[in-house]
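Colleague:
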Amino acid sequence: MPRVSHKANLPTGSVYWHFESKDILFASLMDESRKWLTEFHTKRRPRPGESAREHLQRIYCDAAENEFGSAHDFWRLGVILSIDKSVREQISRQRFLDMRKAVLEEYASWYRQTLPAEIQRRCPDRAHNLGKFTLICADGNLIMNASGEALPGYLRMTGYSLIALAEADPDALP
Numbered sequence: 003m004p005r006v007s008h009k010a011n012l013p014t015g016s017v018y019w020h021f022e023s024k025d026i027l028f029a030s031l032m033d034e035s036r037k038w039l040t041e042f043h044t045k046r047r048p049r050p051g052e053s054a055r056e057h058l059q060r061i062y063c064d065a066a067e068n069e070f071g072s073a074h075d076f077w078r079l080g081v082i083l084s085i086d087k088s089v090r091e092q093i094s095r096q097r098f099l100d101m102r103k104a105v106l107e108e109y110a111s112w113y114r115q116t117l118p119a120e121i122q123r124r125c126p127d128r129a130h131n132l133g134k135f136t137l138i139c140a141d142g143n144l145i146m147n148a149s150g151e152a153l154p155g156y157l158r159m160t161g162y163s164l165i166a167l168a169e170a171d172p173d174a175l176p
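Right, dumping it as structure tokens:
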């Protein structure tokens, strides 16, 4: 809230006046964040003819360390809301869960576009599973950063890990 107040040039308490409830405020935050997230992912989609290795190298291994930082505030709130099913903010919680499903589908589509046809034929769930694992990595990084234990080189480590999983022998990793 302090960041919203500062950006809007309003006292913290007055930000709430523009919304029926804290839940509606958070839901509005999720809606606005979805726009940012769509733009963020659009820039990172596979280029025509790009292999999984090339794509992951470009968006993770060659990315600036702070490239994923601006997503943290809304994603952190969403993770908090999604973990506790008893929270009062059910509208914003559901908006985040819906956004998460869309992100998972986005990531899975990246792998469907870039994994070799032979791997996809032999491992029909690999694109979806890699999409899930990519999302798990993003969540884990967020938690590490929020706890003050950022991992230098995280993006490169993630990129090389995802490349290894994408290229893994179908007999070893179905």
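FYI, in our numbering the residues of the sequence shown are 3 to 176.
Yeah, the Cβ is synthetic: ideal placement off N, Cα and C, and Gly gets one too.
#1: Quick check: the stretch 73-93 against the stretch 28-42, are there 3 or more CB pairs under 8 Å?
#2: What's the gap between the Cα of M146 and the Cα of G155?
#3: Let's see if you can read the secondary structure: which residues bound the alpha helix (DSSP H) around S149?
#4: Determine the burial state of G133: buried for a count of at least 16 other Cβ atoms within 10 Å of its Cβ, exposed for fewer.
#5: In whole angstroms, give me the CA-to-CA distance for F42 and A174.
#6: Tell me which residue opens and which closes the alpha helix (DSSP H) that G161 is part of.
#7: Expressed to the nearest angstrom, what Euclidean distance is found between the alpha-carbon atoms of W112 and E67?
#8: Less than 7 Å between C-beta atoms, sequence neighbours within five positions excluded: which residues of the same chain meet that for L106?
#9: Whose C-beta lies closer than 8 Å to the C-beta of R114 among residues of the same chain, with five residues either side of it excluded?
#10: Within the same chain, show all residues whose beta-carbon is closer than 6 Å to that of R124, passing over the 5 residues directly before and after it, in chain order.
#11: Assign C139 to one of three DSSP states: helix, strand, or coil.
Modeller: Reading from the atomic positions:
#1: yes
#2: 13 Å
#3: From DSSP, S149 is part of no alpha helix (DSSP H); its letter is neither H nor E.
#4: buried
#5: 33 Å
#6: 156-168
#7: 21 Å
#8: G133, K134, L137
#9: Q122, A129
#10: P172
#11: helix
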